[in-house]
């Protein structure tokens, strides 16, 4: 009987203390996960806070304390940033009456705002990267073992020879525009790679190549690529550095310059391969007006319709990236292309599974969306 | 090797939030910006020498434009070096009364070129071309008050689906978005694959290799 | 060549002339047109409207004079809205000429609405780096911008008593003509720091951003002159965009007419060829 009474009293005390805590409120301090350290997340919930009262939060570090926030909100969150890594921080929340007296005090901590070794919220990105990397390298190894991977015809790339041949017969130059972005843009790199192939052909056919560029680093890179192509074609004498020349970084200044070159020199073949923005239609229409054969390629979805409407051939999105494999036909490049296609298939399957799961099991769908939203 | 090494650091920095790694990544990004800034001098000198060469020995019809380039370049630089720098009255004048109107004018050429490209390209030569034509028609009508004037009677009625701005919004938010997403995903995958090829050294032609 | 054949291969200069007249004449008469709002523009308006008075908005001018015609009207419209709601504004630019364009707007609006520099608005200027700049703002605004555009340290500007990092802003609006731009603001400000992001882009780029709006990463988007006109209608202050809509209206009409003419002549000529072949 005594034991039963004692148990009832204990449970009641726990219940009332919990209720007291709930009515007193909660105040927590936690190290921010998956960051570079130096941040603590504070959260409070004070249902009993009166209108006349204010809450103040103090940071306690190395024996000293300083106020970091003052609020009248019943509940809220705050991120305390730029703290010392490995320092131990405590926090004190004080509810202050109008007359300045402290009605309540809640402590939280100590917390050490450390840096994580690995950002778990990005684990899914790492998993996807590993799978894509494996697929590409697997098919590269397969191609090196002698397995052949057929590639469908890409009309734009099939017509490169035709375009260069036409320009050579007409005795007119070939204009190559590698886009308006810098060398750190992968589309520009893809464009430069195709420039190498085009330069090999112009070297072989003894056609004039003109490459106006918008960025100095692209100029340097393009020069190396074209020089190497001319060297390999056995025509180092035909190469001169001013084939590749800088115009301006300014978008529409560059467009004006290229349009001027088109209008004056009237190239027979124009290649526009790289990143383009609003200037794409201006370039394509000007090229169309002089009667040149135009081959364009970009992965900018907003510019593709203009190229398709105004150019003879267009490389759409990843066809631009596939061009190097297509033109060189080297086995390991084709293997990489195959791996890229299999990665696309993998993503499509994941998309379909994710869509079905979201439709049939909304909580699962919400979780998936949450995982991808928090990658950050 | 250098490309692969730097690429690995950038990838590791994305997954490892430790400040020791972020510092290296930030430094590399700063180095890139510094190198790019210095290469602008290279571009400037190249432009000047090529223009000078063409102005003296180029084709007769090109010489005038090259002189315009040289005079504009040197004139703007001189204005920027005057007292007040880029806030000097001369530089402000060039910016407000030459640069801004010229830039806006070139961009405005798009309006004319869209018209000529539409006239030439939007022909019902095949089923797909006809669908493109009808869609373009609807979107163009829906994006201007004309669409509202013509189909405003349908708004709020049981025939609300015939209201052109509504159809336009649906085309943009559903059909267009689906196509944009597909192209974006394919391009993103191509980007990753190209990046992997560059990191592994398979793709070297941008460096002048095979 | 018959008349129909000439019409089928209409000289582009005639097209340019007609478009030129169709755009120029309505602009001469300056008739503002109210446009029907689309949800995508309404959402950005409501996002700013819902903020309490005195909220601090970060406006990023990520464009240059070439896209002035489309993006400047929407910048002016958003600034007027912020002034109406008594929000405070901080301007920056990820493109070099952006802050100068912002300054041009404020040189006209500040005296008109009695706005005090440093209290109601600040122009921090341009910083190169794009994504890197936005990430740095997340740590501290003073990291990429220790001073404002005129060299005044941030501690001397009262606005910065309330905002120390990107997180402290109530809304980010990016008027963007390309890269770096609105996409980067979504990637960092919205996805990492959870600050609502809205913006405006050129009409040509707008379709690419519907995916971001649909996924909730972008609060709203103004696309081109039409988007700016919708915003002006929402704030009930007709401006450049509303006047420009009549020109756009006529230009679209002319283009539709050209398409009809082009297809009609193509069909007639095709029928004639088939008939003559049959004979």
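Residue numbers (our numbering), protein chains in the order written: chain H, 2 to 377; chain Y, 59 to 268; chain P, 356 to 634.
Every residue, glycine too, gets a C-beta built ideally from N, C-alpha and C.
Note that the structure is a prediction, hence the values are computed from the model and not measured.
Taking 8 Å as the CB-CB cut-off, is residue i touching chain P?
i: residue 78(Y); result: no
i: residue 314(H); result: no
i: residue 278(H); result: yes
i: residue 253(H); result: yes
i: residue 89(H); result: no
i: residue 114(H); result: no
i: residue 147(Y); result: no
Looking at residue i: is its Cβ nearer than 8 Å to the Cβ of residue j?
i: residue 240(H); j: residue 219(H); result: no
i: residue 429(P); j: residue 555(P); result: yes
i: residue 272(H); j: residue 199(H); result: yes
i: residue 524(P); j: residue 372(P); result: no
i: residue 175(H); j: residue 306(H); result: no
i: residue 284(H); j: residue 178(H); result: yes
i: residue 134(H); j: residue 158(Y); result: no
i: residue 419(P); j: residue 161(Y); result: yes
i: residue 282(H); j: residue 298(H); result: no
Terminal residues of the continuous alpha helix (DSSP H) containing residue i?
i: residue 54(H); result: Note, residue 54(H): premise wrong, no alpha helix (DSSP H); not H, not E.
i: residue 94(H); result: Note, residue 94(H): premise wrong, no alpha helix (DSSP H); beta strand (DSSP E) at 90-97.
i: residue 59(Y); result: Where residue 59(Y) is concerned, there is no enclosing alpha helix (DSSP H), given that its DSSP letter is neither H nor E.
i: residue 289(H); result: 280-290
i: residue 135(H); result: 124-145
Going by C-alpha distance, which of the options is nearest residue i?
i: residue 567(P); options: 532(P), 545(P), 437(P) and 601(P); result: 545(P)
i: residue 50(H); options: 111(H), 106(H) and 269(H); result: 106(H)
i: residue 468(P); options: 479(P), 557(P), 437(P) and 452(P); result: 437(P)
i: residue 207(H); options: 182(H), 313(H), 102(H) and 171(H); result: 171(H)
i: residue 377(P); options: 601(P), 431(P), 359(P) and 507(P); result: 601(P)
i: residue 574(P); options: 457(P), 450(P) and 396(P); result: 396(P)
i: residue 405(P); options: 439(P), 504(P) and 503(P); result: 439(P)
i: residue 183(Y); options: 421(P), 603(P), 360(P) and 625(P); result: 625(P)
i: residue 394(P); options: 589(P), 474(P) and 386(P); result: 589(P)
i: residue 407(P); options: 398(P), 591(P), 526(P) and 576(P); result: 526(P)
i: residue 383(H); options: 65(H), 141(H) and 188(H); result: As shown, chain H starts at 2 and ends at 377. That puts residue 383(H) outside it, with no answer to give.
i: residue 361(P); options: 633(P), 623(P) and 634(P); result: 623(P)
i: residue 230(Y); options: 569(P), 548(P) and 422(P); result: 569(P)
i: residue 564(P); options: 260(Y), 234(Y) and 247(Y); result: 234(Y)
Just curious, the beta strand (DSSP E) that residue i is in, first and last residue?
i: residue 246(H); result: 245-247
i: residue 27(H); result: 27-32
i: residue 69(H); result: 65-72
i: residue 331(H); result: Looking at the DSSP string, residue 331(H) is not in any beta strand (DSSP E), and its letter there is neither H nor E.
i: residue 77(Y); result: That residue, residue 77(Y), is in no beta strand (DSSP E); its alpha helix (DSSP H) goes 77-115.
i: residue 584(P); result: Looking at the DSSP string, residue 584(P) is not in any beta strand (DSSP E); the run it does join, the alpha helix (DSSP H), is 579-589.
Are there 16 or more other CB atoms within 10 angstroms of the CB of residue i, so buried, or fewer, so exposed?
i: residue 85(Y); result: exposed
i: residue 240(Y); result: exposed
i: residue 163(Y); result: exposed
i: residue 89(Y); result: exposed
i: residue 461(P); result: buried
i: residue 631(P); result: exposed
i: residue 89(H); result: exposed
i: residue 192(Y); result: exposed
i: residue 415(P); result: buried
i: residue 371(H); result: exposed
i: residue 22(H); result: For residue 22(H), the pLDDT reaches just 44, beneath the cut-off of 50, and the residue's location in the model is therefore unreliable, leaving the point undetermined.
Compare the C-beta of residue i with all C-beta atoms of chain Y and state if any pair is closer than 8 Å.
i: residue 187(H); result: yes
i: residue 547(P); result: no
i: residue 297(H); result: no
i: residue 572(P); result: no
i: residue 478(P); result: no
i: residue 261(H); result: yes
i: residue 603(P); result: yes
i: residue 454(P); result: no
I'd like to know whether the C-beta of residue i is nearer than 8 Å to at least one C-beta of chain H.
i: residue 563(P); result: yes
i: residue 216(Y); result: no
i: residue 483(P); result: no
i: residue 101(Y); result: yes
i: residue 559(P); result: yes
i: residue 626(P); result: no
Is it the case that the CB of residue i approaches a heavy atom of the ligand PLP more closely than 7 Å?
i: residue 254(H); result: Looking for the ligand PLP in the displayed structure turns up nothing, as the structure carries no ligands at all.
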